[in-house]
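Below is one structure; the comments refer to it alone.
Number of protein chains: 2
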Amino acid sequence: MTHIDFAYPRDSNTQTNGKTDPAGEIHPCSACTVRTLTVCAALEAEELRRLAEILQTTRFDAGHTVFGEGDPAETLYNVTSGTVKVYKLLPDGRRQITGFLLPGDFFGLSVNDSYAYTAETVTPVSLCRFPRRRMEALLDEFPKMQRRLFSMASNELAAAQDQMLLLGRKTAKEKICSFLLLLSQRASRRGHKTNPVHVPMSRADIADYLGLTTETVSRTFTQLKTSRVISLLEGNKVQIQDMDDLLDLAEGA
Amino acid sequence: MTHIDFAYPRDSNTQTNGKTDPAGEIHPCSACTVRTLTVCAALEAEELRRLAEILQTTRFDAGHTVFGEGDPAETLYNVTSGTVKVYKLLPDGRRQITGFLLPGDFFGLSVNDSYAYTAETVTPVSLCRFPRRRMEALLDEFPKMQRRLFSMASNELAAAQDQMLLLGRKTAKEKICSFLLLLSQRASRRGHKTNPVHVPMSRADIADYLGLTTETVSRTFTQLKTSRVISLLEGNKVQIQDMDDLLDLAEGA
DNA sequence: CGATATCTTGAGGAATCTCAATACTAGTGG
DNA sequence: CCACTAGTATTGAGATTCCTCAAGATATCG
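Just so you know, the sequences run in chain order A and B.
The opening residue of the first sequence carries number 1 in full-length UniProt numbering; numbering runs sequentially from there.
The opening residue of the second sequence carries number 1 in full-length UniProt numbering; numbering runs sequentially from there.
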């Protein structure tokens, strides 16, 4: 986690692959499609303007590392399009993905002054960048933003607890079903179709998110397909045949 | 999680088993031993006084449920002595403990208006209770408190990510070693001895925290004892024989 | 259309769980 | 002070889920 269900939207004057530009005159926020989901949702015009002042937009290809574990934490990010994964590694390379970040999600919070995890793009991604110092200054100035951010952190904590329950106590099948439901629910919150669920990440990424191997993920998908709970469609889409079934399967009921 | 490394200390005019009393005249905070660890650390005298005004102290025996998953979230808590566990259940009774709360830790944050987990005492416990509404009002009034709380929530998120890595990717032995180190480090932060580590919780609780069974926890302890990494002492204490060994074992190195 | 990565499927193995018995500990009452 | 009880911890044996290793199928991209 430490990606927060914040939000900030798309813009036109963006550039590609790490090149950023001040989002100056045009006030990009006005066009933002994910604003309602995030910090920005709560802001007055003035606050939004000040936020826009310090913000830059960036674009990355798929598979790009936004920052690595241990890097100095100088920037906060908000996803405006695409999917980002954040993960931690063990010395021998075992990996745990702690979250997938979708448009409107916020990430880059740090504890001391370095990131405690790596952030990498799963698909091509657009981001808003907030310099940390300036963001902190804004938070001090606008308690409402602070509070909003805190409330989003609380949501994150709740999600983290759910994920711990999943990792510690659910079976492979329950994990996969929970995962599909999560994607469906997050799509719904974003106003997208909930049913054919878009699953942009690889089997390996799903495995590292659920504490499984790619083989087990693949086998479990096959099994769910065979028992007619889901079907796999073109373009990384998963059709949920019976939502109630899936809900039960996700909790072992 | 959603227990936050906040703090608030012991007091004299406390009562037992759920009975509370206004912590009025005497200003209990002045005697607080865990104040430095928590929200209170950052506060001015005035802020502290206001906080003390809305606070009540409570005491519970071991094994008492402070609140249950789904209960209306009307109170925030701060542990001043003893240990509390917070957990979530699956319909069939499988349990995941998402955190053990020690003196100075804060808990009771909620997402909508109900608790997303159950909180239960492990040992006899003293708590400070803050009515949620009044606490929120104070947070609005004192941005510094808000910010402190947010920073503690960020710490929680980082801890949650560590726990996900543990649950998803570590072996039983690595889990147990990590757990002992965690207890040792938390003791250290509280100014307690780091080496014979006090482990107040049962094997079953440890198992439910680490995503194992009690049998596996027990076997792993025996194994670590046999290989002279730790030894088990009287009174739920664990002596760490070689801290560096343990650090390596915790990460699979 | 070929090269490369990703996904699926198979067979066997290993870590952990389940079930079951025994040992220990702490508290209770004689 | 000592047995007795109830809960907790340890140990054992076998079962099971999931992992590992390996091959083949499918998809993706230049």
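Idealized CB from N, CA, C, for every residue including glycine.
Owing to the predicted nature of the structure, the values given are computational and were not obtained by experimental measurement.
{"Check": "Cα-Cα separation, B/R132 to A/G191", "Outcome": "32 Å"}
{"Check": "Residue-chain proximity (B/P200, chain A), Cβ-Cβ < 7 Å", "Outcome": "no"}
{"Check": "Closest residue to B/L101 among B/D205, B/K175, B/Q239, B/S227 (Cα-Cα distance)", "Outcome": "B/D205"}
{"Check": "Residue-chain proximity (B/T168, chain A), Cβ-Cβ < 7 Å", "Outcome": "It is Gly, not Thr, that sits at residue 168 of chain B in the sequence shown. At least one chain A Cβ lies under 7 Å of B/G168."}
{"Check": "Sequence-distant residues of the same chain with beta carbon closer than 6 Å to A/R203, five excluded per side", "Outcome": "T214, V217, S218"}
{"Check": "Cβ distance (whole Å) where B/E120 is taken to contact B/G82 below 8 Å", "Outcome": "Rounded, the Cβ-Cβ distance is 12 Å, inconsistent with contact."}
{"Check": "Beta-carbon contacts of A/K237 that lie in its chain and below 8 Å, excluding the five residues immediately before and after", "Outcome": "P196, V197, H198, V199"}
{"Check": "For B/F221, the three-state DSSP class (helix, strand or coil)", "Outcome": "helix"}
{"Check": "Unbroken alpha helix (DSSP H) run spanning B/S178, endpoints", "Outcome": "172-189"}
{"Check": "Members of the stretch 105-126 of chain A that neighbour chain B once the beta carbon cut-off is set at 8 Å", "Outcome": "L109, S110, V111, A116, Y117"}
{"Check": "Anticipated Cβ contact below 8 Å, B/L90 with A/R169, distance rounded", "Outcome": "6 Å"}
{"Check": "According to DSSP, residues forming a beta bridge with B/Q119", "Outcome": "The displayed chain sequence assigns Ala, not Gln, to residue 119 of chain B. Answer by DSSP bridge pairing, in chain order: B/F67, B/V86."}
{"Check": "DSSP state of B/R133 mapped onto helix, strand, coil", "Outcome": "helix"}
{"Check": "Residues within the stretch 137-156 of chain B neighbouring chain A, beta-carbon criterion of under 8 Å", "Outcome": "L139, D140, P143, Q146, R147, L149, F150, A153, S154, N155, E156"}
{"Check": "Chain-order list of residues whose beta-carbon lies under 8 Å from that of A/L232 (same chain, five-residue window excluded)", "Outcome": "F221, K225, V238, Q239"}
{"Check": "Test: A/D92 CB closer than 7 Å to a CB of chain B", "Outcome": "yes"}
{"Check": "N-terminal and C-terminal residue of the beta strand (DSSP E) that B/R95 is part of", "Outcome": "95-101"}
{"Check": "Segment contact, 8 Å Cβ cut-off, at least three pairs: the stretch 170-179 of chain A with the stretch 135-144 of chain A", "Outcome": "no"}
{"Check": "Contacts of B/Q163 in chain A (Cβ-Cβ under 7 Å)", "Outcome": "M164"}
{"Check": "A/K88: contacting residues in chain B (beta-carbon distance under 7 Å)", "Outcome": "Q161, L165"}
{"Check": "Short Cβ contact (7 Å threshold) for A/V84 with A/V34", "Outcome": "no"}
{"Check": "Cβ of B/A204 within 7 Å of any chain A Cβ", "Outcome": "no"}
{"Check": "beta-carbon B/D61 near the ligand ATP non-hydrogen atom, thresh 6 Å", "Outcome": "What this structure holds is no ligand at all, so the ligand ATP is not there to describe."}
{"Check": "CB of B/C29 within 7 Å of CB of B/A52, strictly", "Outcome": "yes"}
{"Check": "A/D208 classed as buried or exposed, judged by whether at least 16 other C-beta atoms fall within 10 angstroms", "Outcome": "buried"}
{"Check": "CA-to-CA distance, A/S184 to B/T57, given in whole angstroms", "Outcome": "43 Å"}
{"Check": "Cβ distance (whole Å) where A/T38 is taken to contact A/G104 below 8 Å", "Outcome": "5 Å"}
{"Check": "N- and C-terminal bounds of the beta strand (DSSP E) containing B/R59", "Outcome": "56-60"}
{"Check": "Between the CA atoms of B/D71 and B/Q163 - distance to the nearest angstrom", "Outcome": "25 Å"}
{"Check": "Nearest neighbour of B/G108, chosen from B/R49, B/R129, B/L182, B/Q146 [CA to CA]", "Outcome": "B/R129"}
{"Check": "C-beta contact flag for B/L166 and B/S178 at 7 Å", "Outcome": "yes"}
{"Check": "Min CB distance A/T98 to chain B below 7 Å", "Outcome": "yes"}
{"Check": "The beta strand (DSSP E) enclosing B/S81, as first and last residue numbers", "Outcome": "75-81"}
{"Check": "Strand pairing of A/K237, partner residues [DSSP]", "Outcome": "A/H198, A/L233"}
{"Check": "Identity of the residues DSSP links to A/S126 by a beta bridge", "Outcome": "A/R59, A/S81"}
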